[in-house]
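Read the structure below first, then the notes.
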Amino acid sequence: MKNYFLDLIRGIISLLNGLLVTLQALFSRPVTEQYPRQKAELSPNFRGCLALVQDDAGDMLCTACGLCTRTCPSKCLTVERSADVKRKPESFRYDISRCSFCGMCVNVCPVSALMFKPIRTRVAVKRRNFCLELCPADRHAGSPRGPALKSCNP
Amino acid sequence: MDSTTTIRIFVSVVLIAGFVFANATVMGYLERKLAGHFQRRLGPMEVGWHGILQMPVDGIKLLAKRMLVPKQAEGLIFRLAPVISLSPVLLPLMVIPFSPALQVVDMKAGLIFVLAIEAFGTIAIFLAGWSSNNKYAMMGAMRSVAQNIAYEIPILLVALSVALIAGSFSLRQIVISQAALWFIVLQPLGFLIYMVAGLSECNRAPFDLPEAESELTAGYLTEYSGIAFSLFMIAEYTHMFIICCLATVLFLGGWQGPELPWAEYSNAIWFLIKAYGLMFCMVWVRWTFPRVRYDHLMNFAWKYLIPFALFNLFVTAFGVYIYEKLFS
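Protein sequence lines, in the order shown, are assigned to chains A and B. So the first sequence is residues 1 to 154, counted in my numbering. So the second sequence is residues 155 to 482, counted in my numbering.
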């Protein structure tokens with residue numbers, strides 16, 4: 001009999017607690033973002049799309065060692081060494097449609113030459129357009145930081 | 155019956171039907187909006203300013219949709235059930251006194267009438283569930299019947315204690331006898347029991363077992379589409395409104411309140427403020443608590459609500475007896 005009333009009182013208190021929580025939620029600001037019109041700040045850790053890091057002079061940090069290609073679990077990276085410049089990539093292909101954004105390539109890179117860009121969307125109508133060439137055409141020494149991402153054939 | 159009474163009743167039926175649909179539209183919108191904000195979302199935002207046209211648009215969509223009748227269903231009853239669920243909800247609104255002037259008929263047994271008609275909803279739900287020839291629908295219907303049998307009792311017991319104090323079953327008389335003191339002060343336990351049982355009576359969360367979507371798809375509504383589905387929804391919102399109106403009449407002093415700037419309408423406005431305040435609480439409860447487990451639901455009615463309602467009734471009866479001995 002004592003438990004009967006104790007249960008009842010405990011129950012009522014916990015119900016009132018619950019009501020209080022939702023009431024606070026009612027009077028606090030909604031966290032929804034009306035997406036196409038409002039865009040939330042992306043976190044700096046956001047894994048949107050891979051990109052090669054360039055130094056201040058515009059030189060690629062990548063040494064074309066190929067560690068990332070071997071680590072990648074879904075084999076979406078292809079690096080070709082440059083024939084004329086030492087330890088520089090000729091091309092750095094990245095198939096974003098196969099990438100699972102695990103970040104192993106970024107972690108394994110010995111010179112920290114890879115990073116994730118906080119890009120929200122990537123739209124294409126052809127499958128081959130998801131295969132990106134991260135290495136800019138004028139890739140060595142003093143090149144301006146142009147659009148590093150353009151599509152290429154896999 | 156002279157012709158003015160006939161015209162009066164005809165006009166009021168039309169007005170009440172209009173009110174039922176308007177109430178369902180407004181409550182549907184408010185519920186979705188409040189549900190959003192209780193979860194720190196925004197709710198409907200796209201159709202019209204802050205989604206204000208969402209419900210009319212949804213209504214048009216449901217009207218335009220075909221009502222599918224399953225091959226194995228009991229066709230006639232299946233089609234009849236939504237109508238049976240909607241039509242009796244108009245009747246209780248006829249006897250509810252919105253203000254001294256705004257009451258269609260003042261029945262001597264108005265309280266009993268409202269509660270009796272309210273129970274019709276269960277029959278419609280049972281017909282819908284049975285005629286659908288669907289296991290989910292059948293389960294929902296059976297749950298609804300069992301639940302409503304259990305929760306009808308505390309409501310009646312509490313209503314009886316209020317009637318004891320007021321000395322009348324007429325809703326108008328009950329409101330008038332609250333001029334000095336609202337009955338919620340005399341019957342706080344009764345009010346609580348009434349609201350809990352009332353929530354269950356209109357099958358709303360956390361007692362929405364007849365349409366528990368996680369277990370029963372949509373319970374008795376599973377096979378319904380188009381306008382039939384929306385008729386059930388309109389009936390549900392009207393049930394909710396009637397339960398809140400009755401709570402206002404029984405416990406919150408009905409139309410009584412301080413005079414507002416529009417003196418002529420202040421009574422009706424007070425009534426609606428109180429009723430919609432209770433509706434807000436119902437929405438609040440719905441979006442706070444998870445659904446009760448079925449055996450817990452039954453335990454709660456038979457082990458808690460009914461004993462407490464009986465206790466409340468005996469204490470009230472004793473109090474009324476003492477009061478009359480002392481002051482008359």
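Glycine residues also receive a C-beta, built at the ideal position from the N, C-alpha and C atoms.
In terms of alpha-carbon separation, which member of the options lies closest to residue i?
i	options	result
A/Met115	A/Val123, A/Pro36, A/Met104 and A/Phe5	A/Met104
B/Glu491	B/Glu369, B/Thr159, B/Phe232 and B/Leu217	Any answer about residue 491 of chain B is impossible in this case: the structure gives chain B only from 155 up to 482.
A/Ile112	A/Leu15, A/Gln38, A/Thr63 and A/Thr22	In the sequence on display, residue 112 of chain A carries Ser and not Ile. Of the candidates A/Leu15, A/Gln38, A/Thr63 and A/Thr22, the one whose C-alpha sits nearest the C-alpha of A/Ser112 is A/Thr63.
A/Asn17	B/Tyr477, B/Ser482, B/Gln226 and B/Thr442	B/Thr442
B/Phe252	B/Arg195, B/Asn302, B/Ile328 and B/Met436	B/Ile328
A/Cys49	A/Thr69, A/Ile119 and A/Ser28	A/Ile119
B/Tyr348	B/Phe386, B/Ser331 and B/Val403	B/Val403
B/Thr276	B/Asn357, B/Glu369, B/Glu418 and B/Met261	B/Asn357
B/Val211	B/Leu188, B/Val168 and B/Gly182	B/Gly182
B/Cys399	B/Gly473, B/Arg447 and B/Val243	B/Val243
B/Leu310	B/Thr158, B/Ser482 and B/Ala455	B/Ala455
A/Ala124	A/Leu15, A/Asp7, A/Ser97 and A/Asn107	A/Ser97
A/Lys39	A/Cys131, A/Thr121 and A/Asn129	A/Thr121
B/Gln341	B/Ala317, B/Leu426, B/Met199 and B/Pro364	B/Ala317
A/Phe130	A/Asn107, A/Val106, A/Val108 and A/Cys99	A/Cys99
B/Ala189	B/Lys457, B/Asp156 and B/Arg440	B/Arg440
B/Asn466	B/Leu343, B/Gly431, B/Tyr458 and B/Ala429	B/Leu343
A/Ala51	A/Lys2, A/Leu8 and A/Ser91	A/Ser91
B/Val165	B/Phe345, B/Val259 and B/Leu353	B/Val259
A/Met60	A/Lys86, A/Ser74 and A/Met1	A/Lys86
B/Leu169	B/Glu228, B/Met248 and B/Trp416	B/Met248
B/Glu478	B/Ile319, B/Leu346, B/Ile330 and B/Met436	B/Ile319
B/Val339	B/Thr158, B/Thr470 and B/Ala227	B/Thr470
B/Met452	B/Ile303, B/Ile330, B/Ser420 and B/Leu207	B/Ile303
B/Val174	B/Met394, B/Phe472 and B/Gly197	B/Met394
If we call anything under 8 angstroms between Cβ atoms a contact, is residue i one with residue j?
i	j	result
B/His191	A/Leu26	yes
B/Arg195	A/Pro30	yes
B/Ile381	B/Leu217	yes
B/Glu272	B/Ile396	yes
B/Ala313	B/Leu281	no
B/Tyr391	B/Glu355	no
A/Asp95	A/Cys65	no
B/Asn177	B/Pro224	no
B/Leu256	B/Ala422	yes
B/Leu222	B/Ser379	yes
B/Pro364	B/Ala463	no
A/Leu8	B/Tyr458	yes
B/Phe386	B/Leu375	yes
B/Pro290	B/Gly202	Sequence inspection shows Tyr at residue 290 of chain B; the Pro mentioned does not correspond to that position. Cβ distance not < 8 angstroms, so B/Tyr290 and B/Gly202 don't count as in contact.
B/Ser384	B/Gly205	no
B/Thr179	B/Met199	no
Since I believe residue j is in contact with residue i (beta carbons under 8 angstroms), could you give me their beta-carbon distance rounded to a whole number of angstroms?
i	j	result
B/Pro308	B/Ala278	Not confirmed; about 22 angstroms, so no contact.
B/Val268	B/Pro246	4 angstroms
B/Trp284	B/Met292	6 angstroms
A/Phe101	A/Arg37	The pair is not a contact, with the Cβ atoms about 26 angstroms apart (cut-off 8 angstroms).
A/Cys72	A/Cys109	No, A/Cys72 and A/Cys109 are not in contact; Cβ-Cβ is about 11 angstroms, not under 8 angstroms.
B/Pro110	B/Arg447	Limits of chain B in this structure are 155 at one end and 482 at the other, which puts residue 110 of chain B out of reach.
B/Leu325	B/Ile250	6 angstroms
B/Ala263	B/Phe323	5 angstroms
B/Trp438	A/Thr22	7 angstroms
Please state the DSSP three-state secondary structure of residue i.
i	result
B/Arg162	helix
B/Val223	coil
B/Cys398	helix
A/Tyr165	For chain A, the structure presents residues 1 to 154; residue 165 of chain A sits outside this window and is missing.
B/Thr442	coil
B/Gln341	coil
B/Lys457	helix
A/Thr78	strand
B/Tyr448	helix
A/Glu90	strand
B/Glu228	coil
B/Ala417	coil
A/Met60	strand
A/Cys109	coil
A/Leu52	strand
A/Met115	strand
A/Leu132	strand
B/Asp156	coil
Does any CB atom of chain C fall closer than 8 angstroms to the CB of residue i?
i	result
A/Gln34	Looking for chain C here will not work: the only protein chains present are A and B.
Any heavy atom of the ligand GTP closer than 7 angstroms to the Cβ of residue i?
i	result
B/Ile206	Absence of the ligand GTP is noted for the structure shown, with no ligands found whatsoever.
(request) Kindly confirm or deny that the segment 235-249 of chain B and the segment 291-303 of chain B touch, where touching means at least three C-beta pairs closer than 8 angstroms. (result) Taking a contact to require three or more Cβ pairs closer than 8 angstroms, the segment 235-249 of chain B and the segment 291-303 of chain B do not qualify as touching.
(request) Could you say if the segment 400-412 of chain B and the segment 334-343 of chain B meet the contact criterion of at least three C-beta pairs nearer than 8 angstroms? (result) In the pairwise beta carbon analysis, the segment 400-412 of chain B is classified as touching the segment 334-343 of chain B: at least three pairs are separated by under 8 angstroms.
(request) Count the CB pairs spanning the segment 76-92 of chain A and the segment 127-136 of chain A that are closer than 8 angstroms, and state whether there are at least three. (result) Segments in contact, yes.
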